[in-house]
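Novice:
Protein chains in written order, with the numbering used here: chain A, 1 to 395; chain B, 1001 to 1206.
#1: Is residue 95 of chain A buried or exposed, if buried means 16 or more other CB atoms sit within 10 Å of its CB?
#2: Under 7 Å Cβ-Cβ, which residues of chain B neighbour residue 160 of chain A?
#3: According to DSSP, what are the bridge partners of residue 1121 of chain B?
#4: Please report the straight-line C-alpha distance between residue 247 of chain A and residue 204 of chain A, rounded to a whole angstrom.
#5: Name the chain A residues that come within less than 7 Å of residue 1104 of chain B, Cβ to Cβ?
#6: Let me see if you follow: with CB-CB separation under 9 Å, is residue 1175 of chain B close to chain A or not?
#7: Against chain A, with Cβ distances strictly below 9 Å, would residue 1044 of chain B count as a contact?
#8: Taking only the alpha-carbon atoms, compute the straight-line gap between residue 1024 of chain B and residue 358 of chain A and give it to the nearest angstrom.
#9: Between A/335, A/195, A/122 and A/30, which has its C-alpha nearest residue 206 of chain A's C-alpha?
#10: Using the DSSP secondary-structure output, state which residues sit across from residue 243 of chain A in a beta bridge.
#11: What number of angstroms, rounded off, separates the C-alpha of residue 1195 of chain B from the C-alpha of residue 1035 of chain B?
#12: State yes or no: is the beta carbon of residue 184 of chain A nearer than 9 Å to at least one beta carbon in chain B?
#13: Is the region 1104 to 1124 of chain B in contact with the region 1086 to 1095 of chain B, if contact means three or more CB pairs nearer than 8 Å?
#14: For residue 305 of chain A versus residue 378 of chain A, is the C-beta distance shorter than 9 Å?
#15: When DSSP builds the beta bridges, which residues end up paired with residue 41 of chain A?
#16: What would DSSP say about residue 84 of chain A, mapped onto helix, strand or coil?
#17: Could you tell me the distance, in whole angstroms, from the CA atom of residue 1141 of chain B to the CA atom of residue 1037 of chain B?
#18: Please state the DSSP three-state secondary structure of residue 341 of chain A.
#19: What do you reckon, are the CB atoms on residue 150 of chain A and residue 180 of chain A nearer than 9 Å?
#20: Taking all protein chains shown into account, decide if residue 1150 of chain B is buried (16 or more other Cβ within 10 angstroms of its Cβ) or exposed.
#21: Taking the continuous alpha helix (DSSP H) assigned at residue 1054 of chain B, which residues delimit it?
#22: Report back the beta-carbon spacing between residue 462 of chain A and residue 144 of chain A to the nearest angstrom; my notes put them in contact at under 8 Å.
#23: Around the C-beta of residue 1031 of chain B, are 16 or more other C-beta atoms found within 10 angstroms, so that it is buried, or is it exposed?
#24: Kindly indicate which three-state DSSP category residue 303 of chain A falls into: helix, strand or coil?
#25: Against chain C, does residue 1027 of chain B count as a neighbour if the rule is that its beta carbon must be under 9 Å from one of theirs?
#26: So for residue 108 of chain A, helix, strand or coil by DSSP?
#27: Between which two residues does the beta strand (DSSP E) harbouring residue 1086 of chain B extend?
#28: For residue 134 of chain A, count neighbouring Cβ atoms within 10 angstroms of its own Cβ and tell me buried if that reaches 16, exposed if not.
#29: Contact check, residue 1087 of chain B vs residue 1048 of chain B under 8 Å by CB: the rounded distance?
#30: Go ahead and pull the three-state DSSP assignment for residue 171 of chain A.
#31: Is the CB of residue 1068 of chain B under 9 Å away from at least one CB in chain A?
#32: Apart from the five residues on each side of it in sequence, which residues of its chain come closer than 8 Å, Cβ to Cβ, to residue 382 of chain A?
#33: State yes or no: is the beta carbon of residue 1065 of chain B nearer than 9 Å to at least one beta carbon in chain A?
#34: Please compile the residues from chain A whose C-beta is within a distance smaller than 8 Å of the C-beta of residue 1130 of chain B.
#35: Residue 351 of chain A lies in the beta strand (DSSP E); which residues open and close that run?
#36: Please work out which residues of its chain come closer than 7 Å, Cβ to Cβ, to residue 8 of chain A, disregarding the five sequence neighbours upstream and downstream, and give them in chain order.
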C-alpha cells in the first residue's frame, strides 16, 4: 500500500464531509473557469465582431456614437442620414484604401408576432461591400451584379426565418415591393446572419432616399496615422466618426469595471473553499492524533506524515477542481444565456470560451490554493508527539 | 477516472453544432393564456422526427401528407415545440406550431388542440404575404375550429385541392391575393395534425 492509497482511504472514512468539501472546491473552480472563459470569450467575440465589419472607421450622421456603433454591430436601423457627397470628400484622403456606402432602412411589419416588428434591410454597394467582407461565403447563389436590381442576398438566419432559397420571391411588407433572392449566405456567427442585403440604389429608390446614406465604411491603410486621419474626419460637418478601435476600447473598459467586481467575488469564493479545506483536513488530523502517534512510533518520519496529509489535500482539491471544470463546461451555454440577458451589448458567437488552457489555469489556481491550505494541517500532523498522542487516545 | 478524462477532453474539443430552426411561441406566457383562456399553466416538450423514428417515420409522415418535406429548412431534425396546457393539475389540451414556406416568406402557424386531437383555435404568428391581414383575421382562423386530421385527409397539398365535400373543402381563401398562401396554410395545418398524431396521439394510445 503506497502513500496515495492511504491518503485516499483516509478521505473515504468520512464520505459526507469529503463530498461537501469537494463540492465547495468544485463551485470555486466552476466560478473561476467560467469567469476566465468569459474574459477570453467576450474579448475575442468583440474583436471578431469589429474585424468582421471589414472597415476600421464608420462614418454616420450626427447622433450618439455608442448607439450608432451598437446599432451597426447588432444590425439595427439608423434613421439619420448623410449626403452621398461625403464619399468624395472622404476618398480624397490619402490614408483611405477603400470606402463602402450603406443605407439601412426598416419597415414596420404588423404580421410579425402579436404586435408587429421591424423588418430591416441593408442597402450595400455591390462593387465595394463584398471586397470588404471576404469572409462571407454563400450557401446558395452569389452577390447581386448591379446596384439597381430588385434582388436580395439573405444572411443564413434571415433566410431560415423566411424559408427563402435562391430564386424565391421576397416581399417588403408595407411597401409591397417584390424582390428576388439571388444568394443565401453561410452561417457566420455575426450580425450578418440576420441581415437582408439589397442593392444600394434599389434601397434608395424604393424608400425614396436618393442621395442619402446611413453609413460609410472606411478601410484605412494599416500604416496610416489613424489619429490624424480621424481628426480630419471630425472636421466634416454633420457627421460623426465611429472608430471601431475606440468602440472596442470603450466597451472593454465598461466590461472591465464589472469584471473587477466579479473577480473579487471569485477570489472570495476561492478563499472560502480554502478555509473549508483547512477545516476538513485539520479536523481529520485532530481525530487521528492517536493513529498518527502509532505511525510515528512504528518509524514514520515527520516528513512521511506531512506528505500523507498533504496528499489528502491534493486528492480533495483534484477531485473538486476537476468536478468544477466539468461543471463549467456543462453550464457554459446557460451561463452565456444569463450574461446575454443582463449585458446591453454582447458579441456574437461563443461568449464563454472554456478551452484547455482556461480549464488548466482554473484547475491550477484551485490546486495550488488547496495545497497551500493543506500546509498547516499537515504541519500540525507532522509535529504530533507519539507517546503523548497515544496516551491521550487511551484516556 | 478514465471516463471523466475522456468526457472532459471531448467537451473541450467539441465544436458548436447548429440545429434546424423550430417554431416556438414568441411569448409563451402571454400566448398560452390568450389561446387557452381557461388555462392556468403549461409544460413544454421538444419532439423531433429524427429522434422519434428517423427516416422510416419521415417517409410515413410524407406519405400521409401527400408531399415531400422540402428545401433547406424543412428537414428531419427540425425540433418541434409542443405545449401541454393545464387547468390546475388537469391537462386540457395542446398548442403546436410548424414552419411553412410561404409565397413571399416563412409562415409560423399554430393550432390549439383538445385532448382528442380536434382543432380548437388557429393562429398565424408570423406571415409575409400580400394577403397577410386576411389570413391572420379572426374570421379566417375560426373556420378551423372543430376540424380533425380526418377532415384534412382529402387535402392534396401538391394540387392544392380538397377532394369531395368534407369540412376541409368548405375552407375558403379570404382574398384572391392570399390564394397561394391559403394553400400553404392548409398544408401547414395538415402537416401539423399528422405530426401531432405520429409524435403524440398514436404513442399515447400505445
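All C-beta atoms in this analysis are idealised placements derived from N, C-alpha and C, irrespective of residue type, glycine included. Source: prediction; values computed, not measured.
Specialist: Judging by the given coordinates:
#1: Residue 95 of chain A should be labelled buried.
#2: Neighbours of residue 160 of chain A on chain B, chain order: 1021 and 1073.
#3: Note: residue 1121 of chain B sits in a beta bridge opposite B/1112.
#4: If you take the alpha carbons of residue 247 of chain A and residue 204 of chain A, they lie about 28 Å apart.
#5: Using a Cβ-Cβ cut-off of 7 Å, residue 1104 of chain B is close to 169, 170 and 171 of chain A, given in chain order.
#6: The beta carbon of residue 1175 of chain B does not come within 9 Å of any beta carbon belonging to chain A, so the residue lies off that interface.
#7: Answer no: the Cβ-Cβ gap between residue 1044 of chain B and chain A never drops below 9 Å.
#8: One Cα belongs to residue 1024 of chain B, the other to residue 358 of chain A, and the distance between them is close to 35 Å.
#9: Of the candidates A/335, A/195, A/122 and A/30, the one whose C-alpha sits nearest the C-alpha of residue 206 of chain A is A/122.
#10: In the DSSP output, where bridge partners are listed per residue, residue 243 of chain A has A/57.
#11: About 20 Å.
#12: Closer than 9 Å: yes.
#13: Touching, yes.
#14: Note that the C-beta distance between residue 305 of chain A and residue 378 of chain A is below 9 Å.
#15: Residue 41 of chain A is not bridged to any residue.
#16: Coil.
#17: Rounded to the nearest angstrom, the gap between the Cα atoms of residue 1141 of chain B and residue 1037 of chain B is 16 Å.
#18: In the structure shown, residue 341 of chain A sits in a helix (DSSP, three-state: H, G or I).
#19: Result yes, Cβ atoms of residue 150 of chain A and residue 180 of chain A sit closer than 9 Å.
#20: The residue is exposed, with fewer than 16 neighbouring Cβ atoms inside 10 Å.
#21: Following the DSSP letters along the chain, one finds residue 1054 of chain B inside the alpha helix (DSSP H) bounded by residues 1054 to 1065.
#22: Outside the shown range of chain A (1 to 395) lies residue 462 of chain A, about which nothing can therefore be said.
#23: It is buried - the Cβ of residue 1031 of chain B has at least 16 other Cβ atoms within 10 Å.
#24: Residue state, collapsed to three classes: helix.
#25: Among the chains of the structure shown, chain C does not appear; the protein chains present are A and B.
#26: The answer is strand: DSSP assigns residue 108 of chain A an E or B state.
#27: Residues 1080 to 1087.
#28: Answer is exposed; the Cβ neighbour count stays below 16.
#29: Wrong, their Cβ atoms sit about 28 Å apart, outside the cutoff.
#30: When secondary structure is reduced to three states using DSSP, residue 171 of chain A falls in the strand class.
#31: Residue 1068 of chain B does not count as touching chain A.
#32: So the list reads 302, 303, 305, 306 and 309, once near-sequence residues are dropped.
#33: Chain A, which has no Cβ nearer than 9 Å to the Cβ of residue 1065 of chain B, makes this no.
#34: Taking a Cβ-Cβ threshold of 8 Å, the residues of chain A close to residue 1130 of chain B are 171 and 176, in chain order.
#35: Neither: residue 351 of chain A is in no beta strand (DSSP E) and is coded neither H nor E.
#36: Excluding residues within five positions, the ones whose Cβ falls inside 7 Å are 315.
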